[in-house]
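**Student:** Take any residue in the sequence shown, count from 1 to its spot, add 1200: that is its number in this note's numbering.
Glycine included, each C-beta is placed from N, C-alpha and C at the ideal position.
All values reported here derive from a predicted model rather than from experimental measurement.
Input: one structure, supplied below.
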Amino acid sequence: MDKAKTVVEMREITKRFPGIVANDNVSFKLGKGEIHALLGENGAGKSTLMNILFGLYQPDEGEILINGERAVIDGPNKAIELGIGMVHQHFKLVHPFTVTENIVLGTEPKKGLAIHYKKAREQVEKLSKQYGLNVDPDATIDEISVGMQQRVEILKTLYRGADILIFDEPTAVLTPQEIEELLGIMRSLVAQGKSIILITHKLKEIMAIADSVTIIRRGKVIDSLPIAGTNPKELAEKMVGREVSLKLDKKKSESGDTILDVKDLVVKGRQGIKALNELSFQVRRGEILGIAGVEGNGQSELIEALTGLRPVHSGTIALSGQPLAGASPRRISEAGLSLIPEDRHKHGLVLDFAVRENMVLETYYKEPFAKRGFLNFEAIDKHAERLIAEFDVRTPTIFTEARALSGGNQQKAIIAREIDKNPEVLIAAQPTRGWTSALSSLSISG
Ligand SMILES: Nc1ncnc2c1ncn2[C@@H]1O[C@H](COP(=O)(O)OP(=O)(O)O)[C@@H](O)[C@H]1O
Ligand SMILES: [Mg+2]
């Protein structure tokens, strides 16, 4: 492969949002047939940079060269025309539709619709085979796994003729098995001449698959280097800007009395089928209980039952000896159970609300946030300021809408709020999804 040929060059790109410089004079190059990783912590500016390359944002300064020629990418259509495709963090698929329908959606039929569809289906099948995607063109999106849905997004870009593929945190939503398969697909893509930009903060994946890496921290490029000759420790340090230890010093935990006691819990899931069948477990003070399993085996229903969002059919739940099966979410929360939810968009935050309001979602009615039925914004603001400082939530201000925060900082906001309540038991549902898993298994010194 002619890696010497540069297919994308971003030169001195600057992008400002109110209160923040998301990209500060960023330059980087992608060679043909190369997998180039963009590494950075949450909020570093990776997605912004790629949204610029895909035409979703316009840079305030700087220029872009595609195959050596200056390009003004004023929208995704222009990006697609230039052979750029993007697999987003959140898929943009229409659920009741089939794979082929989703892929065709938005492309102009040249002949009749039926002929168009038949041709498209053949093309989808061909591409799927060529790159080892193994996608059923006739399945509906509802029927296929998240990993398969992502492959449909990949097919969509290929169908539109992409030679340059951008993957934004693609492994965040995948199981370990699916991650392996995706890495295989990426290898097959570059082997056949495609070039890939991979956004990630997972060092293991970068070491396994990338040819080179550009490290971004707080909007600035820290370094750009080939993977051969670097190591995870060096990358981690460049990413966070301080020394890190890759070893985890874990003290033996000292567990105390039983704090959460679940006995013979039966909970019905969708369609009235038993999602939990006489489940029993205990959590002791000072211990972390891990619940492992393939998604869809009752984990979500367990969390919903524990937090009062789903009726308990039979069995008991006791927190510090208080029976809580079937109690209201507010009562359970007041009894000392906190949740870092799996879907932070649906359950963790109200995206239209400001950060300060999100910090008191479950406590706004209590003193000091409310007094005689009125909200006390002075106390609410002070509380929010303290939490964002203590937990390093990167937001321009406490008045910023939650939706403007990067995913990782939204997560931090939830963690800050839930931990600050000082709960008896904290449930963390897939807390590392879309998160710096490389770092969650590192202890950071300093
Ligand atoms: N549309 C937007 N409006 C305001 N601020 C934004 C917007 N998009 C991103 N930001 C801010 O820009 C910074 C970089 O975000 P992002 O590019 O999403 O980071 P990353 O992808 O590296 O996690 C963050 O502080 C984020 O809050
Ligand atoms: Mg991002």
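(1) Classify PRO1337: buried if its beta carbon has 16 or more other beta carbons within 10 angstroms, exposed otherwise.
(2) Whole beta strand (DSSP E) runs in the region 1277 to 1320 with 3 or more residues, listed along the chain?
(3) Closest to ARG1216 by CA distance: which of GLN1471, PHE1254, ALA1629, LYS1420 is it?
(4) Consult DSSP for ARG1216 and reduce its assignment to one of helix, strand or coil.
(5) Here's the rule I'm using: 16 or more other beta-carbon atoms within 10 Å means buried, otherwise exposed. How should THR1298 be labelled?
(6) So is the beta-carbon of GLY1608 under 7 Å away from any non-hydrogen atom of ligand 1?
(7) Suppose the cutoff is 8 Å on Cβ atoms and the five residues either side in sequence are ignored; what does the same chain contact list for LYS1203 look like?
(8) Could you give the residue range of the beta strand (DSSP E) that holds ARG1270?
(9) Measuring CA to CA, which of SER1455, VAL1440, LEU1355, ASP1457 is closest to GLY1240?
(10) For PHE1254, count neighbouring C-beta atoms within 10 Å of its own C-beta (all shown protein chains included) and say buried if the count is 16 or more, exposed if not.
(11) In the DSSP output, what is ILE1396 paired with across the bridge?
(12) Less than 8 Å between the beta carbons of LEU1183 and ALA1535, yes or no?
(13) With DSSP as the reference, please indicate the residues paired to SER1514 in a beta bridge.
(14) Report yes or no: do the region 1517 to 1531 and the region 1605 to 1613 share at least 3 C-beta pairs separated by less than 8 Å?
(15) Between the Cα of ILE1379 and the Cα atoms of GLY1361, LEU1333, SER1395, GLY1393, which residue gives the shortest distance?
(16) Does ligand 1 have even one heavy atom less than 7 Å from the beta-carbon of SER1328?
(17) Using the Cα positions of MET1559 and GLU1585, report the straight-line distance between them to the nearest angstrom.
(18) For a test of the three-state rule: what should DSSP assign to PHE1577, helix, strand or coil?
(19) Is DSSP giving MET1656 helix, strand or coil here?
(20) Please confirm whether ARG1484 and ASP1457 have their CB atoms less than 8 Å apart.
(21) Could you tell me the alpha carbon to alpha carbon distance between LEU1293 and PHE1574, rounded to whole angstroms?
(22) If you measure between the beta carbons of LEU1460 and VAL1467, is that distance less than 8 Å?
(23) Compare the beta carbon distance of ILE1365 and ILE1396 with 8 Å and say whether it is the shorter of the two.
(24) Using the C-alpha atoms, what's the distance from GLY1245 back to VAL1226?
(25) Per DSSP, LEU1265 is paired with what?
(26) Assuming ARG1478 is part of the beta strand (DSSP E), what are its boundary residues?
(27) Give the DSSP-derived three-state secondary structure of SER1412 in the structure shown.
(28) Over what stretch of residues does the alpha helix (DSSP H) that includes ILE1491 continue unbroken?
(29) Leaving out five residues on either side along the sequence, give the residues of the same chain with a beta carbon under 6 Å from the beta carbon of ILE1644.
(30) Less than 8 Å separating the beta-carbons of LEU1374 and VAL1324?
(31) Can you tell me which of the three DSSP states PRO1523 falls into?
(32) Is it the case that the Cβ atoms of ASP1368 and MET1250 are separated by a distance below 8 Å?
(33) Would you mind sorting HIS1197 into buried or exposed? The rule is 16 or more other CB atoms within 10 Å of its CB.
(34) Could you tell me the alpha carbon to alpha carbon distance between ILE1415 and ALA1579, rounded to whole angstroms?
(35) Quick one: grab the DSSP three-state call for ALA1616.
(36) Looking at ligand 1, does it come within less than 7 Å of PHE1217, judged from the CB to the closest heavy atom?
**Tutor:** By the coordinates alone:
(1) Counting every other CB atom within 10 Å of its CB across the protein chains shown gives PRO1337 a total of 16 or more, marking it as buried.
(2) Counting whole runs of 3 or more residues, the region 1277 to 1320 contains the beta strand (DSSP E) stretches 1284 to 1287.
(3) The residue with the shortest Cα to Cα distance from ARG1216 is LYS1420.
(4) Look at ARG1216 here: in three-state DSSP terms it is strand.
(5) Counting Cβ neighbours within 10 Å, THR1298 comes out buried, since at least 16 surround it.
(6) Yes, Cβ of GLY1608 sits closer than 7 Å to a heavy atom of ligand 1.
(7) Summary for LYS1203: the model assigns pLDDT 48, below 50, so the residue's position carries little reliability; its value from the coordinates is reported in the next sentence. Taking C-beta separations shorter than 8 Å and ignoring five residues to either side along the sequence, the partners of LYS1203 in its chain run GLY1231, LYS1232, GLY1233, GLU1234, ASP1411, following chain order.
(8) 1269 to 1271 is the extent of the beta strand (DSSP E) around ARG1270.
(9) Answer by Cα proximity: VAL1440.
(10) Per the 10 Å Cβ criterion, buried.
(11) Looking at the DSSP output, ILE1396 shares a beta bridge with ILE1235, LEU1365.
(12) Only positions 1201 to 1646 of the chain appear in this structure, which leaves residue 1183 out of reach.
(13) VAL1466.
(14) Judged by pairs of C-beta atoms under 8 Å, the region 1517 to 1531 does not touch the region 1605 to 1613, as fewer than three such pairs exist.
(15) Cα-wise, what sits closest to ILE1379 is LEU1333.
(16) Outside the cutoff, so no.
(17) Answer to the nearest angstrom: the Cα atoms are 10 Å apart.
(18) Look at PHE1577 here: in three-state DSSP terms it is helix.
(19) As shown, the chain starts at 1201 and ends at 1646. That puts residue 1656 outside it, with no answer to give.
(20) Yes, these two residues count as a Cβ contact at 8 Å.
(21) Rounded to the nearest angstrom, the two C-alpha atoms are 43 Å apart.
(22) Contact flag unset, no.
(23) For the sequence presented, residue 1365 should be read as Leu rather than Ile. Note that the C-beta distance between LEU1365 and ILE1396 is below 8 Å.
(24) Taking C-alpha positions only, VAL1226 is separated from GLY1245 by approximately 10 Å.
(25) The partner list for LEU1265 (beta bridge, DSSP) reads GLU1209, ARG1270.
(26) Rather than Arg, the amino acid found at residue 1478 in this sequence is Glu. Taken as a continuous stretch (DSSP letters only), the beta strand (DSSP E) holding GLU1478 covers 1474 to 1484.
(27) Three-state DSSP puts SER1412 in a strand.
(28) Counting along the chain, ILE1491 sits inside no alpha helix (DSSP H), nor does DSSP assign it H or E at all.
(29) Bear in mind that the predicted position of ILE1644 carries a pLDDT of just 32, short of 50, making it too unreliable to give a figure here.
(30) Taking a C-beta distance under 8 Å as the contact criterion, LEU1374 and VAL1324 do not qualify as a contact pair.
(31) Three-state DSSP puts PRO1523 in a strand.
(32) It is a contact, given that the beta carbons lie within the stated cut-off.
(33) Look at the range of the chain in this structure, 1201 to 1646, and you will see that residue 1197 is not part of it.
(34) If I take the Cα positions, the gap works out to 39 Å.
(35) Look at ALA1616 here: in three-state DSSP terms it is helix.
(36) With a threshold of 7 Å, the Cβ atom of PHE1217 counts as near ligand 1, since some heavy atom of the ligand is closer than that.
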